[in-house]
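Trainee:
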Amino acid sequence: MNLLRLRIEPADGVPFLRDLDRPELVLGRSSKTDVVINDRFLSRVHARIVQRGDEWLLEDMGSRNPTRLNGQPVMSPSALKAGDVILLAESRVIVEGPGGAVAPPADTAGLPAQSDDTLRGSTIFRSASTFFAPEAVAAEVKDPLARSLAERLKFLNEVHRALAGPITLEALLELILERAFAHLQPDEGAVFLRRADGGFDRAASRRLPGASGDLLYSRRLAEEVADKGMAALVTDAGIDERFARAESIVVSGVRSLVAAPLLASEGSHGMIVLSARQRARPFGEEDMELLAALASAAALRIRNLALAEETAQRRLLDKELDLARDIQMGMLPRAFPTSPELGIAATLRPARTVGGDLYDVVEEGPHVWFIVGDVSGKGVGAALFMAVTKTLFRAIAPGEASVGAALTRLNRELARDNERSMFVTAFAARLDRPSGTLEYTNAGHSPTYRLEAGGSIGTLPGPVDPALGAVEEHEYRTSVVRLDPGDGLVAYTDGVVEARNAAGGELAPAGLEAYLRGCGDARPEAIVRGLVEKVEEFAGETPQYDDVTVLALRYRAGA
21 MNLLRLRIEP ADGVPFLRDL DRPELVLGRS SKTDVVINDR FLSRVHARIV QRGDEWLLED
81 MGSRNPTRLN GQPVMSPSAL KAGDVILLAE SRVIVEGPGG AVAPPADTAG LPAQSDDTLR
141 GSTIFRSAST FFAPEAVAAE VKDPLARSLA ERLKFLNEVH RALAGPITLE ALLELILERA
201 FAHLQPDEGA VFLRRADGGF DRAASRRLPG ASGDLLYSRR LAEEVADKGM AALVTDAGID
261 ERFARAESIV VSGVRSLVAA PLLASEGSHG MIVLSARQRA RPFGEEDMEL LAALASAAAL
321 RIRNLALAEE TAQRRLLDKE LDLARDIQMG MLPRAFPTSP ELGIAATLRP ARTVGGDLYD
381 VVEEGPHVWF IVGDVSGKGV GAALFMAVTK TLFRAIAPGE ASVGAALTRL NRELARDNER
441 SMFVTAFAAR LDRPSGTLEY TNAGHSPTYR LEAGGSIGTL PGPVDPALGA VEEHEYRTSV
501 VRLDPGDGLV AYTDGVVEAR NAAGGELAPA GLEAYLRGCG DARPEAIVRG LVEKVEEFAG
561 ETPQYDDVTV LALRYRAGA
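Take 21 as the starting number for the sequence shown in our numbering and just add one per residue.
#1: For Ala577 and Val388, what's the separation of their Cα atoms in angstroms?
#2: Any contact of the segment 342–362 with the segment 400–420, i.e. 3+ C-beta pairs under 8 Å?
#3: Closer than 8 Å is the cut-off here; do at least three beta carbon pairs connect the segment 556–571 with the segment 484–498?
#4: Identify the continuous alpha helix (DSSP H) that holds Pro281 and give its terminal residues.
#5: Within 10 Å of its beta-carbon, does Asn58 have 16 or more other beta-carbons around it, so buried, or fewer, so exposed?
#6: With distance defined between alpha-carbon atoms, name the residue in Gly304, Ala252, Leu283, Leu108 nearest to Gln205.
#7: Please report the straight-line C-alpha distance between Arg440 and Gly399, rounded to a whole angstrom.
#8: When the Cα atoms are used, what is the spatial distance from Arg414 to Glu553?
#9: Considering Cα atoms alone, identify which of Arg369, Val548, Glu361, Arg354 is closest to Ser455.
#10: Determine the DSSP secondary structure at Glu244, reduced to helix, strand or coil.
#11: For Ala319, write down the residues that DSSP places opposite it in a beta bridge.
#12: Can you tell me where the beta strand (DSSP E) holding Leu488 begins and where it ends?
#13: Are Leu458 and Ala449 touching if we call contact CB-CB under 8 Å?
#14: If you draw a straight line from the C-alpha of Ile477 to the C-alpha of Pro529, how long is it?
#15: Could you give the distance in angstroms between the alpha-carbon of Leu40 and the alpha-carbon of Leu195?
#16: Take the Cβ of Leu573 as the centre, count every other Cβ of all protein chains shown within 10 Å, and call the residue buried at 16 or more, exposed below.
#17: From the DSSP secondary-structure annotation, give me the bridge partner or partners of Gly290.
#18: Is the separation between the beta-carbon of Leu47 and that of His66 shorter than 8 Å?
#19: Under the rule that 16 or more other beta-carbon atoms within 10 Å means buried, what is Thr479, buried or exposed?
#20: Which one of Gly393, Pro302, Val211, Val245 has the shortest CA to CA distance from Ala318?
#21: Looking only at DSSP bridge pairs, what is Arg450 linked to?
#22: For Arg226 versus Leu314, is the C-beta spacing smaller than 8 Å?
#23: At a cut of 8 Å, does the segment 524–539 reach the segment 480–489 through at least three beta carbon pairs?
#24: Out of Thr411, Val34, Glu243, Ile364, point me to the one whose CA is closest to Leu378's CA.
#25: Is Gly508 buried or exposed, if buried means 16 or more other CB atoms sit within 10 Å of its CB?
#26: When you compare only the Cα positions, how much space is there between Leu77 and Gly376?
#27: Classify Asp136: buried if its beta carbon has 16 or more other beta carbons within 10 angstroms, exposed otherwise.
#28: Where does Ser51 land, buried or exposed, given buried means 16+ other C-beta within 10 angstroms?
#29: Can you tell me whether Leu23 is buried or exposed? The criterion is at least 16 other CB atoms within 10 Å of its CB, across all chains shown.
#30: Which term fits Asn462, buried or exposed, when burial requires 16 or more other beta carbons within 10 angstroms of its beta carbon?
#31: When you compare each of Gly419, Leu108, Ala542 to Glu472 by their alpha carbons, which one comes out closest?
#32: Exposed or buried, what is Thr582 when buried is set at 16 or more other beta-carbons lying within 10 Å of its beta-carbon?
#33: What separation, rounded to the nearest whole angstrom, lies between the Cα atoms of Ser316 and Leu310?
#34: With DSSP as the reference, label Leu100 as helix, strand or coil.
#35: Kindly list the residues whose CB is nearer than 6 Å to the CB of Glu420, restricted to its own chain and excluding five residues on each side of it in sequence; keep chain order.
#36: Three-state secondary structure (DSSP) at Ala572?
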């Protein structure tokens with residue numbers, strides 16, 4: 021069996037290890053998963069790892085933020101191996117072999133013995149600082165190969181130490197070139213970073229005093245290095261078959277060059293190019309290897325800087341969305357009309373930070389207007405359209421001759437200059453409290469249920485008109501029924517009946533009707549609370565896909 025273990029690096033918290041010690045391991049935010057990861061952007065059940073024969077397979081569980089394996093979205097079960105990197109929202113999981121993915125020790129033959137070695141049996145203890153101290157590459161190191169290796173170790177240690185502290189991208193690129201010039205001694209050098217469109221920008225450059233002419237950039241070189249992830253060494257550009265036809269290289273007068281890609285787990289960020297025109301000796305393989313190591317360290321730091329910037333931007337966006345949610349929820353009625361004839365309750369549970377559902381209740385003398393709506397789409401755009409719809413309803417409805425007339429005006433305003441073709445389905449009504457007369461209009465919305473005092477339930481009859489904002493000149497129709505004392509109404513959005521469970525099934529109208537039959541003469545508050553609990557119980561750990569809104573009323577006049 022392929023023995024693996026996971027190193028989990030949560031967005032919030034301390035990294036920890038978990039062995040793949042069972043045939044299936046579920047990862048997510050829920051306390052019911054096998055591996056609980058503290059990350060607020062994680063789905064409750066996000067991904068799972070299952071054993072198939074001698075393989076371990078990674079599967080996405082329909083997460084809101086898709087699972088990624090080595091930078092690619094997981095669309096189907098994908099095999100895991102040591103060294104793979106799994107991204108779960110803002111958390112990272114590194115797949116290790118048994119005992120951890122530890123690289124074998126480098127060949128230390130020829131390195132000088134150190135005076136502070138401690139030898140115990142077959143084990144040597146040595147202060148790590150001595151590997152990089154000046155005396156490690158001093159005259160006592162006689163072997164040229166060992167001396168070269170020690171110098172390279174010292175150089176890479178300096179680079180990693182320099183990159184470890186806080187640094188901006190601009191300073192990082194300048195530091196990379198400064199180190200490259202100090203150790204590789206080119207005539208000129210440049211760092212090219214990839215743009216979103218796939219092209220490259222020269223993000224930093226350096227050249228020796230007195231150097232002239234344009235800095236080298238070759239599309240052919242970029243294809244080989246940045247696109248294919250290959251380090252390049254050109255000892256003589258004039259005779260190298262790969263680049264002899266590259267006009268930019270020939271015209272520049274460059275004789276020798278060395279280049280390395282800025283490789284990260286998600287791909288190449290660009291490349292570092294060093295070139296020489298007057299250099300006494302051409303670059304060699306050791307120069308290419310050293311530049312590749314430098315580029316690898318730089319790419320990791322560039323990636324970390326990009327992730328830090330993305331995290332900062334996401335946190336700022338989260339704060340703005342939280343504010344938008346507070347504003348949106350603050351627009352909903354905090355209290356409902358209270359009278360002996362009527363009881364009303366409602367709730368809205370957005371699937372995201374902000375949503376497109378709405379409800380409102382407006383008192384007008386003996387009449388009470390109310391509306392339940394669902395805007396097309398999701399997110400900020402739907403939330404803005406929701407706010408506009410609710411504001412217009414409150415401004416237009418009171419004083420109109422009928423519900424149909426009110427929605428006709430509301431529709432005309434929403435359809436005007438509606439370049440994004442957004443629309444909102446809605447059920448709107450006006451109840452006359454003394455008589456129980458209910459006038460209503462259904463604008464492409466889910467049917468509203470009537471709970472009769474005797475215990476039977478049914479949907480309100482009448483035509484269904486187009487959604488608001490879809491057809492500008494439509495004339496909306498009004499239906500009329502009379503509520504008996506003790507009758508109730510339940511209006512809702514499709515997030516209720518379209519709630520899904522882990523098996524992919526929907527609550528559906530049948531599930532809603534089964535719940536409503538058991539409501540009896542329950543108060544509106546109890547009906548709303550119970551229906552939301554029913555939806556949550558049905559969905560279980562399955563993430564909420566759509567906004568859920570419920571409004572219930574109970575007519576009590578003469579009861």
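C-beta: ideal position from N, C-alpha, C; glycine also.
Mentor: This is what the structure holds:
#1: Computed Cα separation, rounded: 14 Å.
#2: Flag = yes, the segment 342–362 and the segment 400–420 touch.
#3: no
#4: Premise fails: Pro281 lies in the beta strand (DSSP E), 276–284, not in any alpha helix (DSSP H).
#5: exposed
#6: Gly304
#7: 14 Å
#8: 30 Å
#9: Nearest to Ser455 by C-alpha distance, out of Arg369, Val548, Glu361, Arg354, is Glu361.
#10: The answer is helix: DSSP assigns Glu244 an H, G or I state.
#11: Ala319 pairs with nothing; no bridge assigned.
#12: Per DSSP, Leu488 belongs to no beta strand (DSSP E) and is neither H nor E.
#13: yes
#14: 12 Å
#15: So the alpha carbons of these two residues sit roughly 41 Å apart.
#16: buried
#17: Leu213
#18: yes
#19: exposed
#20: Val211
#21: Trp389, Glu459
#22: no
#23: no
#24: For Leu378, the closest C-alpha among the options Thr411, Val34, Glu243, Ile364 is that of Thr411.
#25: buried
#26: 37 Å
#27: Confidence at Asp136 is low in this model, with a pLDDT of 37, below 50, so the placement of that residue is unreliable and no value is reported for it.
#28: exposed
#29: exposed
#30: buried
#31: Ala542
#32: The structure shown does not extend to residue 582, since the chain spans only 21 to 579, so no value can be given for it.
#33: 10 Å
#34: coil
#35: Ala426
#36: strand
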